[in-house]
Amino acid sequence: MIKRRLIPVLYIKNGLIVRSEGFSYHHNIGNVVKEAARYNSWDVDELIYIDISREKHYDLRRDDYNVNAYNSIGSIIKEISKVCFMPLTFGGGIRTIDDVSFRIQNGADKITLNTGALENPKLITQAAERYGSQAVVISIDYKIIENQPIVFTDFGQKNTSKSVYNWVKECENLGAGEIFINSIDRDGKANGYDIETINKTVASTKLPTIACGGAGNLEDFVELAKQTNVSAVAAGNIFHFTELSYPRSKILLKKNNLNFR
Amino acid sequence: MSKIGVINYGVGNLQSVKNSLDFLGIPNEIVDKSQEISSFDKIILPGVGAFGAAIKKLNDLGFTEEIRKFSSQNKPILGICLGMQLLFDESYEHGHHQGLGLIKGRVLPFNEKIKNLPLPQIGWNNITKVGVSPILKNVEDNSCFYFVHSFYCEPEKKTATIASSDYGIKFAAIINENNIFGCQFHPEKSQSAGLHILKNFSSL
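Listed below in structure tokens is the structure:
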């Protein structure tokens, strides 16, 4: 039977891996390719990279990591895919079908669409027609407003007034293959997952749902897996700051009889 | 060591197949022109996306004929994911399409047969060995592989399935008939278990 997935989410800013909090504070963690090799050696289920560079130049800026500088997202993807033999998803700044093709041709298995899909929903269909639905992950950042999860775009700055559940359904109909939801309120806060919204999202779609935002300790993964039917549990910061957090999480999830690899 | 050709017919991420072969030190090349196929000892047919569009591309680029010729010389062919499905006679993915016809059988949708499970199946699933094949060498029973699909293969001959998997229903995870091999999962994305499969194929 299919296993549930535990997915590290890595944020890239100007060629460096950063830690994110409330979508605004970013703390440099390290070199993209070295981090990728570390995750590969942990035998992770999958990796999701989101490029959050505002200005599109890529420069490692530091030479103490003993690797070449990467001057484009293309070369970053290329280098990562040489050392990772698990599914790789890349997102951030994708607005056109050419942006999608560029990432897939350089080694991405899937791409995520966020602001780009809301600005131009046809892009979902275009990408699905060219590369298959399985390659199109819709990334949704949301905030709770008057008890309703509302979709935000542009790095969580812009309120679209759209309900998360309606948008999920719309994306499914347009040809998306997976849904990735991330709570802006909980980003970097380590106060646990938003179980209620996650449950309602899973119930609103036939597509696999990946939930992110709020993991503070490994027990949060267990709680999310126990209380919801998410296909995948995702988290960012916890994997950077907790020693061997990935293998330890897997052991803990299995100890709780949860169906992980 | 024999050389593997990775068929490029313009769909999906075939760079990842090449990366994993490079990592294993297996000589390989991307094949862009159908007439180049004959110079290889083995070929891999990768693929993601829709069956109809893929077979049309194979036909238009002249690959269909060349792949059949390659197979008739008894040279090994490995189809991955959609590439495995393309090896069959026919598919019922959004209509009805003819495949390469190297394996007798058809490709069918999971749809309501799997009840409330999410579609596509995306993720790691374990396999059960149900046959013997050189491609299964050193692959442990119950190993997990990465699957991404909404359709599955149903070979006419039961013995063609050498490993099965379960997603609401039992389906063929790995097939082998003579020189033809196929995996429904992505060996190039399945960590060490997947790399084993590619290594086995290269040492046939």
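Protein sequences, first through last, are from chains A and D.
The first sequence lines up with residues 1 to 261 when you count with the UniProt record's numbering.
The second sequence lines up with residues 1 to 204 when you count with the UniProt record's numbering.
For glycine and all other residues, C-beta sits at the position ideal for the given N, C-alpha and C.
Per DSSP, the bridge partner or partners of residue i
i	result
residue 193 of chain A	Paired residue(s): none; residue 193 of chain A is not in a bridge.
residue 25 of chain A	A:21
residue 33 of chain D	Paired residues: none, contrary to the question.
residue 6 of chain A	A:233
residue 107 of chain D	D:91 and D:153
residue 144 of chain D	D:126
residue 178 of chain D	Beta-bridge pairing links residue 178 of chain D to no other residue.
residue 215 of chain D	Nothing can be reported for residue 215 of chain D: it is not among the residues displayed for chain D, which extend from 1 to 204.
residue 178 of chain A	A:137
residue 31 of chain A	A:16
residue 201 of chain D	Answer by DSSP bridge pairing: none, since residue 201 of chain D is not bridged.
residue 51 of chain A	A:12
residue 212 of chain A	A:182
Exposure label - residue i; buried when at least 16 CB within 10 Å
i	result
residue 187 of chain D	buried
residue 94 of chain A	buried
residue 39 of chain D	exposed
residue 241 of chain A	exposed
residue 66 of chain A	The pLDDT assigned to residue 66 of chain A is 41, lower than 50, so where the model puts this residue is not dependable; a value taken from the coordinates is nonetheless given after this. With fewer than 16 Cβ atoms within 10 Å of its Cβ, residue 66 of chain A is classed as exposed.
residue 43 of chain D	buried
residue 25 of chain D	exposed
residue 69 of chain A	The predicted model places residue 69 of chain A with a pLDDT of 47, which falls under 50 and marks its position as unreliable; any figure quoted below should be read in that light. The residue is exposed, with fewer than 16 neighbouring Cβ atoms inside 10 Å.
residue 197 of chain A	buried
residue 60 of chain A	Confidence at residue 60 of chain A is low in this model, with a pLDDT of 48, below 50, so the placement of that residue should be treated as unreliable; the coordinate-derived value is given next. The residue is buried, with at least 16 neighbouring Cβ atoms inside 10 Å.
residue 80 of chain A	buried
residue 137 of chain D	exposed
residue 66 of chain D	buried
residue 220 of chain A	buried
residue 132 of chain D	exposed
residue 203 of chain D	exposed
residue 84 of chain D	buried
residue 97 of chain D	buried
residue 189 of chain D	buried
residue 95 of chain D	exposed
residue 34 of chain A	exposed
residue 64 of chain D	buried
residue 194 of chain A	buried
Under 9 Å from the C-beta of residue i: neighbouring residues of chain A
i	result
residue 153 of chain D	What residue 153 of chain D touches in chain A: nothing, since even the nearest Cβ is about 17 Å away.
residue 167 of chain D	1 and 2
Neighbourhood of residue i by C-beta distance below 6 Å, restricted to the same chain and skipping five residues each side
i	result
residue 151 of chain D	93, 107 and 109
residue 53 of chain A	13 and 14
residue 213 of chain A	182, 183, 186 and 187
residue 46 of chain A	5, 7, 86 and 87
residue 259 of chain A	3 and 4
residue 128 of chain D	164
residue 121 of chain A	174
residue 84 of chain A	36 and 40
residue 174 of chain D	162, 163 and 183
Neighbour list for residue i in chain D, Cβ cutoff strictly below 9 Å
i	result
residue 208 of chain A	118, 119, 120, 121, 122 and 123
residue 231 of chain A	118, 122 and 123
residue 135 of chain A	12, 13, 48, 49 and 148
Same chain only: Cβ atoms within 8 Å of residue i, ignoring 5 sequence neighbours per side
i	result
residue 64 of chain A	Any reading at residue 64 of chain A needs caution, since the residue's pLDDT is 44, under 50, leaving its predicted position unreliable; the model's value is listed next. Cβ within range, chain order: n/a, list empty.
residue 54 of chain D	9, 11, 47, 82 and 86
residue 132 of chain A	177
residue 169 of chain A	204 and 205
Chain-ordered neighbours of residue i on chain D, where CB pairs are closer than 8 Å
i	result
residue 261 of chain A	124 and 144
residue 81 of chain A	15, 16 and 19
residue 5 of chain A	123 and 124
residue 35 of chain A	Result: empty, since nearest Cβ-Cβ is about 17 Å, beyond 8 Å.
residue 276 of chain A	No answer is possible for residue 276 of chain A: it lies beyond the span of chain A, which begins at 1 and ends at 261.
residue 108 of chain A	13
Cβ of residue i within 8 Å of any chain E Cβ
i	result
residue 8 of chain A	Absent here is chain E; the protein component of the structure consists of chains A and D.
Sequence-distant residues of the same chain with beta carbon closer than 7 Å to residue i, five excluded per side
i	result
residue 202 of chain A	209, 228, 229 and 230
residue 247 of chain A	42
residue 158 of chain A	152
residue 21 of chain D	4, 28 and 198
residue 193 of chain D	139, 143, 144 and 145
residue 21 of chain A	187 and 188
residue 115 of chain D	168
residue 180 of chain D	71, 77, 87, 102 and 103
residue 254 of chain A	260
Within chain A, the residues that residue i reaches when beta carbons sit closer than 8 Å
i	result
residue 188 of chain D	85
residue 194 of chain D	85
Proximal chain A residues relative to residue i, where beta-carbon distance stays under 7 Å
i	result
residue 191 of chain D	43, 85 and 86
residue 78 of chain D	Residues of chain A passing the Cβ test: none, with the nearest at roughly 16 Å.
Three or more C-beta pairs below 8 Å linking the stretch 137 to 157 of chain A and the stretch 170 to 188 of chain A:
Cβ pair count under 8 Å is three or more, so yes.
For the stretch 94 to 106 of chain A against the stretch 22 to 37 of chain A, are there 3 or more C-beta pairs whose distance is under 8 Å?
no
Assess contact between the stretch 27 to 34 of chain D and the stretch 6 to 16 of chain D, defined as three or more Cβ pairs (one per stretch) separated by less than 8 Å. Is contact present?
yes
The stretch 151 to 161 of chain D contacting the stretch 141 to 155 of chain A, beta-carbon criterion three pairs below 8 Å
no
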